[in-house]
Ligand SMILES: C[S@@+](CC[C@H](N)C(=O)[O-])C[C@H]1O[C@@H](n2cnc3c(N)ncnc32)[C@H](O)[C@@H]1O
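Residue numbers (my numbering): 1 to 390.
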C-alpha cells in the first residue's frame, strides 16, 4: 500500500524527500559507531537491544522451531503436565541421556516452553502450557517438518526452480488449476492426510468465526470446501435451528458424511461431492461459508469460486469468508511471511488482504463487504458480503 500523501506536496518531491530521509536513517542504523552509541545511551538502549534481539530471532528462528518439534515429538509437554520433574526423571521418560535432556530443557526454558521449578525440577512454561492437549498446534508443528524441507532453498522456490515440493504433493488439489482437470477424481488416499490436519486445526477457527458472526438470522448454511465437516459440527452446536450442507471434493465429502453421521447429525446435515470449478454448488442455503479455502488459489480461480457462491445464494443471502489475511495489524508476519511462503511452496495460492478480497468480491457480484472484529485475527479474519443488486 502507498502511504497517504499531504495533497499540497507534489508527489515527486514528497517521494524524493521521503527517500532521502530513509536513506539517511538506514545509513545511520547500519553504522557501527551509531549502533555502539545507541546501545550505550540510556534512552536508546532498550530500543537498540530490542532491535538486536529481533534480528537475532530472525536469524535463529528455524532453530527455535526445531526445539519445539523435539519437545512435541518427545511428548515433553504431556509428561510435564503430570507435574514438575527432575532432569534424571525426564531423561528416563524421554529416552535421552541426562546431558541431552538438560540441553533440550535449557533451550525450552529460554523459549518459555518450560520453566525452572524448585528443587532443580522443570515444569510447563507460559508457552508450553497451552500445548498440553492442543492437538491443533502439535499437528501443525509436525506438519512443518514438510514445509521445512521445501523452504531449504527459498530463492529456488521464488524463482520457480524447485521441480516439485513436498507441500504440493501434500495438497494434491493445488496442482489442478485447469477447469475440467480431474481434481474431483482425487482418491481417498490423496485427501486423507490433509483433511485430518485441517480437521485438527479447525476448532480454533470455528471459535473465531462463531464469536464474530451470529448465525441466528439464517436458515441454512452451506460450507464450501468444508473438509471433514468439523466446522459444520461447531456450527451445529452453536446454532441448533440451522439446516447444514457442505460441499467438497467427492473423497472429502465422503469423509464428512461419515464424520457427521458419527456426530449424530445425518438428519440435519448433507454432504455434497464435486469440484467448485466444474460443478454447480447446491442451492437452498441463505449463508455460504468459505473457511480457509480462497488463499489456496490464484485470483482467477478465486473469482470462479466466488461466482459459484454468488450463483448458489439468494439475493438476500450472505457470504462469509474466514481465513488469515495479509496486512492484518499485529499479525503481518503470519499473513505475509508465513502464509506467503507456505502457499508459495504449496502452489498457486497467496494470502490476500481484506482490500484484495474486497476487489475480488466486487468483481464476482458481491457488495456491502465488511471485515468483522474478532479476538484472534492472527488465526483468522472474518469478512461478510451480500450479493449486489443485478
Ligand atoms: C485448506 S482446506 C480447508 C478445509 C476446511 N474449510 C477447514 O477450514 O478446515 C481447503 C478445502 O478445499 C477443498 N477443495 C480444494 N479444491 C476443491 C475443489 N475444486 N472443489 C471443492 N473443494 C475443493 C479441499 O478438499 C479442502 O477440504
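Quick reminder that beta carbons are idealized off the backbone N, C-alpha and C, glycines included.
Taking C-beta separations shorter than 6 Å and ignoring five residues to either side along the sequence, the partners of residue 77 in its chain run 128, 131 and 132, following chain order. The beta-carbon separation of residue 272 and residue 319, rounded to 17 Å, does not stay under the 8 Å limit for a contact. Remark: the C-beta of residue 204 is outside contact range of ligand 1, defined as less than 7 Å to any heavy atom. The three-state reading of DSSP puts residue 347 in coil, since its state is none of H, G, I, E or B. If you draw a straight line from the Cα of residue 110 to the Cα of residue 254, it is about 45 Å long.
The closest heavy atom of ligand 1 lies less than 7 Å from the beta carbon of residue 275. The beta carbons of residue 215 and residue 236 sit no closer together than 8 Å.
Residue 26 and residue 333 have their C-alpha atoms spaced approximately 22 Å apart. For residue 163, no alpha helix (DSSP H) encloses it, and the DSSP letter there is neither H nor E. DSSP places residue 224 inside the beta strand (DSSP E), whose first and last residues are 220-224. By the Cβ-count criterion, residue 297 is buried, with 16 or more other Cβ atoms from all chains shown falling within 10 Å of its own Cβ. Listed in chain order, the non-local C-beta contacts of residue 202 below 6 Å within the same chain comprise 230 and 231, local neighbours out to five positions each way being set aside. Taking 8 Å as the cut-off, the Cβ atoms of residue 89 and residue 105 do not count as close. Its Cα nearest to that of residue 355, the residue 382 stands out among 79, 330, 337 and 382. The alpha-carbon of residue 143 is positioned some 33 Å away from that of residue 280. For residue 218, the number of other beta carbons within 10 angstroms of its own is at least 16, and it is reported as buried. In this structure, residue 361 sits near residue 306, with a CB-CB distance shorter than 8 Å. Between the C-alpha atoms of residue 283 and residue 275 there is a straight-line separation of about 15 Å. Burial check for residue 154: the Cβ neighbour count within 10 Å stays below 16, so the residue is exposed.
It is roughly 12 Å from the alpha-carbon of residue 116 to the alpha-carbon of residue 107. Taken in chain order, the complete beta strand (DSSP E) segments of 3 residues or longer contained in the segment 290-330 are 318-323. In terms of Cα proximity to residue 269, the closest of 114, 285, 66 and 245 is 245.
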